[in-house]
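A quick write-up on the structure given underneath.
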Amino acid sequence: MTGPHLRTALPGPNAQAIIARDARVVSPSYTRDYPLVMARGEGALVEDVDGNVFLDCTAGIAVTATGHSHPDVVQAIVDQVRKFIHMSGTDFYYEPQVRLGEELSAIAPMPGPHRSFFANSGTEANEAAIKLARYYTKRQGIIAFFVAFHGRTMGSLSLTASKLTQRRGFAPLVPGTYHAPYANCYRCPLGLDPKSCAAECLRFVEEQLLIHLVAPEEVAAIVVEPIQGEGGYVVPPAVFLHRLREITKQHGMLLVVDEVQSGMGRTGKWFAIEHAGVEPDVVTMAKGIASGLPLGVVTARSEVISWPPGTHASTFGGNPVSCAASLATLKLLREQLITNAETVGAHMMAAATALMDKHRLIGDVRGRGLMIGIELVRDRTTKERATTERDAVVRECFARGLLVLGAGQNAIRLCPPLVLTTAQADIAIGILDQALDAVGGKT
Ligand SMILES: Cc1ncc(COP(=O)(O)O)c(C=O)c1O
136 MTGPHLRTAL PGPNAQAIIA RDARVVSPSY TRDYPLVMAR GEGALVEDVD
186 GNVFLDCTAG IAVTATGHSH PDVVQAIVDQ VRKFIHMSGT DFYYEPQVRL
236 GEELSAIAPM PGPHRSFFAN SGTEANEAAI KLARYYTKRQ GIIAFFVAFH
286 GRTMGSLSLT ASKLTQRRGF APLVPGTYHA PYANCYRCPL GLDPKSCAAE
336 CLRFVEEQLL IHLVAPEEVA AIVVEPIQGE GGYVVPPAVF LHRLREITKQ
386 HGMLLVVDEV QSGMGRTGKW FAIEHAGVEP DVVTMAKGIA SGLPLGVVTA
436 RSEVISWPPG THASTFGGNP VSCAASLATL KLLREQLITN AETVGAHMMA
486 AATALMDKHR LIGDVRGRGL MIGIELVRDR TTKERATTER DAVVRECFAR
536 GLLVLGAGQN AIRLCPPLVL TTAQADIAIG ILDQALDAVG GKT
């Protein structure tokens, strides 16, 4: 089977029963856009507890890079579990963590030697990067960007400036964090034409932030997503990342790239920053790195990541089972899936762009590889955000057997497993077309 197959009305009876139990015992802070209750998955297909099969263009929020339960990843996990499950790489040694450090060093987007710190999630990786930047530079300030998402623990949350619900009620956050406009050229904060612009939005950093608010020598790092993920799959021009590199170099700050969502082959290269040809000081990773087992990593030049024993550690970080899953994942990415992300991604992007001729609701299609954002607007001239329409399209896709997620206020993101075939990409775009028809945005 390559595509969806629905057997019941959604949600089916088994799904309904589980959702009712969930409402009683699970934190209501989670954001479920539609009632999918998963029973099993294979490749880019997901089966729910009522036997309905869906085509997955979410990969569990850009995580299951190798597809659901890839046999090589499963085998690597089983082999490791049989040997030992945990020993804490903080206090003891084991080879899978070392080998992963070596492999990450081989693919890191800046010259080595490198060292890696192992955590359990994206937010923990960013938390470690913030601490590392402060420790290494002996400075406090961190600059991040509006609409950025870096996680939800206190340090990362202080950098996150995406949705108010994520910050409201949690103040005070970590002091010394500052935000600047991101280069969202579709909605240029300065109203400029991207073709003739040299990332003028960064003048805010140089001529406002670093003049009026914080001295450059007090800023430890600039933290940036090379493609904004949760913010709407916003691709900045290369010049924006180049200028960030220049500013950080000029003032002795670290450039930290958060590749939690954009990394691990999703964009057709190991890391999205490589498309711009910029070499950062620090890279943070998680999500797709271990095909679904929890793992977050900070990789930096060895000279930067030279903090002494006891300064930072994690009981579970770099768990041997996660490391084994990651090693199997990297092998699959290297041998086939990064190339697949590039070719199927280009095909899918072209097909999504072609939908613009038919659906005036689509204001912009952008992305790289299998990281594709489709921004919906009520009017292409005013670019009024089609927020309720976006939510409706996401639900209409679900009703037709396609799993997609929103990103930002009014974009749909396509972040399928990197095993997606061209035929499956066509099925996904076909269903999206129908969902857009159903929401009534026909030209
Ligand atoms: C760019 C980016 N950084 C950090 C995070 C946080 O990752 P986690 O949810 O694993 O803590 C996310 C999650 O969406 C992300 O997209």
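Taken in order, the sequence shown gives residues 136 to 578; the numbers are from our numbering.
Glycine is no exception: its CB is placed at the ideal position from the N, C-alpha and C atoms.
Report task. Can you tell me which of Arg159, Lys518, Val160 and Thr446 puts its alpha carbon nearest to the alpha carbon of Gly326? Result -> If you number the sequence shown from 1, residue 326 lands on position 191. When each option's Cα is compared against that of Gly326, the closest is Lys518.
Report task. Please go through the same chain and pick out, in chain order, the residues whose beta-carbon is closer than 6 Å to the beta-carbon of His285, but skip the five residues on each side of it. Result -> By one-based count along the sequence shown, residue 285 stands at place 150. Non-local C-beta neighbours of His285 in its own chain, meaning closer than 6 Å and more than five positions away in sequence, comprise Asn261, Ser291, Leu294, Thr295 and Asp393, ordered along the chain.
Report task. State yes or no: is the C-beta of His285 nearer than 7 Å to some heavy atom of ligand 2? Result -> No copy of ligand 2 occurs in the structure displayed; its ligands are ligand 1 alone.
**Report entry** Assumed close pair Leu446, Val433 - CB separation to whole angstroms, cut-off 8 Å
**Finding:** Mapped onto the sequence shown, residue 446 falls at position 311. Mapped onto the sequence shown, residue 433 falls at position 298. It is worth fixing the name first, because residue 446 is Thr in this sequence and not Leu. A Cβ-Cβ separation of about 13 Å leaves Thr446 out of contact with Val433 under the 8 Å criterion.
**Report entry** Residue environment, Lys218, which counts as buried when at least 16 other CB atoms sit within 10 Å
**Finding:** Within the sequence shown, the letter at position 83 stands for residue 218. With fewer than 16 other Cβ atoms within 10 Å, it is exposed.
Report task. Could you tell me which of Trp405, Gly398, Ala448 and Ala356 sits nearest to Val198, measuring between CA atoms? Result -> Translated into the one-based positions of the sequence shown, residue 198 becomes position 63. For the set Trp405, Gly398, Ala448 and Ala356, the Cα lying nearest the Cα of Val198 is the one of Gly398.
Report task. Check whether the Cβ of Gly543 lies closer than 7 Å to any heavy atom of ligand 1, and answer yes or no. Result -> Taking the first residue of the sequence shown as 1, we reach residue 543 at position 408. Checking the Cβ of Gly543 against ligand 1 gives no.
Requested in this report: Would you mind stating whether Gly276 and Tyr313 have Cβ atoms separated by less than 8 Å?
Outcome: Here residue 276 refers to the residue found at position 141 of the sequence shown. Here residue 313 refers to the residue found at position 178 of the sequence shown. Less than 8 Å divides the Cβ of Gly276 from the Cβ of Tyr313.
Query raised in the report: With distances taken between CB atoms, is the gap from Ile153 to Leu540 smaller than 8 Å?
Result: Locating residue 153 in the sequence shown gives position 18, where the first residue counts as 1. Locating residue 540 in the sequence shown gives position 405, where the first residue counts as 1. No; because the gap between Cβ atoms is not below 8 Å, this pair is not in contact.
Requested in this report: Note down, in chain order, each residue of its chain lying with its Cβ closer than 7 Å to the Cβ of Tyr229, except the 5 sequence neighbours on either side.
Outcome: For the purposes of this step, residue 229 is taken as the residue at position 94 of the sequence shown. So the qualifying residues of the chain are Met222 and Pro455.
Query raised in the report: Is it buried or exposed for Tyr317, if we count other Cβ within 10 angstroms and need 16 for buried?
Result: On the sequence shown, position 182 is the one that residue 317 refers to. By the neighbour-count criterion, in which a residue is buried when 16 or more other Cβ atoms sit within 10 angstroms of its Cβ, Tyr317 is buried.
Query raised in the report: Taking the C-alpha atoms as reference points, what is the distance between Ala487 and Trp405?
Result: Taking the sequence shown and counting its residues from 1, the one referred to as residue 487 is at position 352. Taking the sequence shown and counting its residues from 1, the one referred to as residue 405 is at position 270. Annotation: Ala487 to Trp405 spans about 23 Å, alpha carbon to alpha carbon.
Query raised in the report: Sorted by chain position, which residues of the same chain lie with C-beta nearer than 7 Å to Arg175's C-beta, five sequence neighbours on each side aside?
Result: For the purposes of this step, residue 175 is taken as the residue at position 40 of the sequence shown. The beta carbon of Arg175 lies closer than 7 Å to those of Glu182 in the same chain, with the five residues before and after it left out.
Report task. Could you tell me if the beta carbon of Gly176 falls within a distance shorter than 7 Å of some heavy atom in ligand 1? Result -> One-based indexing of the sequence shown puts residue 176 at position 41. False, no ligand heavy atom lies under 7 Å from that Cβ.
**Report entry** Pro206, buried or exposed, once every other Cβ within 10 Å from all chains shown has been counted against 16
**Finding:** Mapped onto the sequence shown, residue 206 falls at position 71. Exposed.
Query raised in the report: Measuring CA to CA, which of Cys532, Val161 and Arg401 is closest to Asp572?
Result: As a first step, residue 572 must be located in the sequence shown, where it is residue number 437. When each option's Cα is compared against that of Asp572, the closest is Cys532.
Query raised in the report: Between Asp514 and Arg167, what straight-line distance do the alpha-carbon atoms span, to the nearest angstrom?
Result: Taking the first residue of the sequence shown as 1, we reach residue 514 at position 379. Taking the first residue of the sequence shown as 1, we reach residue 167 at position 32. Asp514 and Arg167: Cα-Cα distance of roughly 28 Å.
Report task. Would you mind listing the alpha helix (DSSP H) stretches within the segment 190-224 that are 4+ residues and don't spill past its ends, in chain order? Result -> Residue ranges of uninterrupted alpha helix (DSSP H) with 4 or more members, entirely inside the segment 190-224 and ordered along the chain, are 194-197 and 206-218.
Query raised in the report: Considering only C-alpha positions, which residue in the set Val282, Gly311 and Ala315 is nearest to Gln301?
Result: Translated into the one-based positions of the sequence shown, residue 301 becomes position 166. When each option's Cα is compared against that of Gln301, the closest is Val282.
Query raised in the report: How many Å lie between Val413 and Val161 at the Cα?
Result: Along the sequence shown, read from residue 1 onward, the residue named residue 413 stands at position 278. Along the sequence shown, read from residue 1 onward, the residue named residue 161 stands at position 26. Spanning the two alpha carbons is a distance of roughly 42 Å.
Query raised in the report: Would a C-beta distance cut-off of 8 Å place Ala476 and Leu430 closer than the cut-off?
Result: Position 341 of the sequence shown, counted from the start, is the residue given in the question as residue 476. Position 295 of the sequence shown, counted from the start, is the residue given in the question as residue 430. Cβ atoms of Ala476 and Leu430: not closer than 8 Å.
Query raised in the report: Helix, strand or coil: which one does DSSP assign to Met136?
Result: Taking the sequence shown and counting its residues from 1, one reaches residue 136 at position 1. In this structure, Met136 counts as coil in the three-state DSSP scheme.
Query raised in the report: Who does Asp183 pair with in a DSSP beta bridge?
Result: Counted from its first residue, the sequence shown places residue 183 at position 48. Asp183 pairs with Met173.
Query raised in the report: Can Glu360 be considered in contact with ligand 1, in the sense that its beta carbon sits closer than 7 Å to one or more heavy atoms?
Result: Here residue 360 refers to the residue found at position 225 of the sequence shown. Indeed, a heavy atom of ligand 1 lies less than 7 Å from the Cβ.
Query raised in the report: Measuring CB to CB, does Ala560 end up less than 8 Å from His482?
Result: Within the sequence shown, numbered from 1, the residue matching residue 560 stands at position 425. Within the sequence shown, numbered from 1, the residue matching residue 482 stands at position 347. The answer is yes: Cβ separation under 8 Å.
Report task. Ignoring anything shorter than 4 residues or poking outside the segment 296-371, list the alpha helix (DSSP H) runs there in chain order. Result -> When DSSP assignments are scanned along the segment 296-371, the uninterrupted stretches of alpha helix (DSSP H) that are 4 or more residues long and fall wholly within it turn out to be 299-302.
Query - Asp395: CB within 7 Å of a non-hydrogen atom of ligand 1 - result: Taking the sequence shown and counting its residues from 1, one reaches residue 395 at position 260. The residue you asked about is not Asp; residue 395 is Val in the sequence shown. Indeed, a heavy atom of ligand 1 lies less than 7 Å from the Cβ.
Query raised in the report: From what residue to what residue does the beta strand (DSSP E) around Glu510 run?
Result: Numbered from its first residue, the sequence shown carries residue 510 at position 375. Segment Met506 to Leu511, the beta strand (DSSP E) holding Glu510.
Query raised in the report: Should Gly186 go down as buried or exposed, given a rule of 16 or more other Cβ atoms within 10 Å for buried?
Result: In the sequence shown, counting from the first residue as 1, residue 186 sits at position 51. So Gly186 counts as exposed.
**Report entry** For Ser397, the three-state DSSP class (helix, strand or coil)
**Finding:** Against the sequence shown, residue 397 aligns to sequence position 262. DSSP, reduced to helix, strand and coil, places Ser397 outside both helices and strands of the structure shown, so it counts as coil.
Report task. List the endpoints of the continuous beta strand (DSSP E) containing Val528. Result -> The sequence position of residue 528 within the sequence shown is 393, counting from 1. Element bounds for Val528: not the beta strand (DSSP E) but the alpha helix (DSSP H), Thr522 to Ala534.
Query - Complete runs of the beta strand (DSSP E) confined to the segment 529-574 [at least 3 residues] - result: If we require 3 residues or more, the beta strand (DSSP E) runs fully inside the segment 529-574 come out as 540-542 and 546-549.
Query - Per-residue DSSP class, three states only, for His377 - result: Taking the first residue of the sequence shown as position 1, residue 377 is located at position 242. Under the three-state reduction of DSSP output, His377 falls in the helix class.
Query raised in the report: Is it buried or exposed for Lys422, if we count other Cβ within 10 angstroms and need 16 for buried?
Result: Within the sequence shown, numbered from 1, the residue matching residue 422 stands at position 287. Counting Cβ neighbours within 10 Å, Lys422 comes out buried, since at least 16 surround it.
Query raised in the report: Of the residues Gly403, Phe280 and Arg338, which one's Cα is nearest the Cα of Glu360?
Result: Here residue 360 corresponds to residue number 225 of the sequence shown, with the count starting at 1. The candidate whose alpha carbon is nearest that of Glu360 is Phe280.
Query raised in the report: Do you know how far the Cα of Ala435 is from the Cα of Ile242?
Result: Within the sequence shown, numbered from 1, the residue matching residue 242 stands at position 107. Within the sequence shown, numbered from 1, the residue matching residue 435 stands at position 300. Roughly 12 Å separates the two Cα atoms.
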